[in-house]
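Q: First the structure, then my questions, so here it is.
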Amino acid sequence: MQPCDACRDLVGKPSSVPPHGDLAVSGVGAVGLPGNMAKVSSRWNCTVCGNWMYQNTAEGYPPNEWAIGERPANWPAK
């Protein structure tokens, strides 16, 4: 799936840059044991191109940057 220009422009930008207007918030990614979880990213789905964007925290990869990636494994298929 080809990213739209707005998604492509976000990749590699600092996570402090706000999401573009066509991204729909779709949850968070976290790691760790219950009671000691660390947020690694906010997950966004683009309503234009369908790509998944990840607004990474310091614990994410790449840290503190926007990244494009696969649909989360625990997300229902369409």
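When the letters of the sequence shown are read in order and numbered with the working numbering, they come out as residues 1039 to 1116. Even for Gly, the Cβ is constructed at its ideal location relative to N, Cα and C.
1. Which first and last residues belong to the alpha helix (DSSP H) in which Ala1105 is found?
2. With which residues is Ser1031 paired in a DSSP beta bridge?
3. For Trp1082, which option in Pro1072, Ala1096, Trp1104, Val1069 has the closest C-alpha, if you only look at C-alpha atoms?
4. For the alpha helix (DSSP H) containing Cys1045, list its first residue and its last residue.
5. Just to confirm my understanding: we take Ala1076, look at its own chain, exclude 5 residues before and 5 after, and list those with CB closer than 7 Å. What are they?
A: Let's see:
1. Ala1105 -> not in any alpha helix (DSSP H); beta strand (DSSP E) instead, spanning 1104–1107.
2. Outside the shown range of the chain (1039 to 1116) lies residue 1031, about which nothing can therefore be said.
3. Trp1104
4. 1043–1048
5. Ala1068, Val1069, Gly1070, Glu1097
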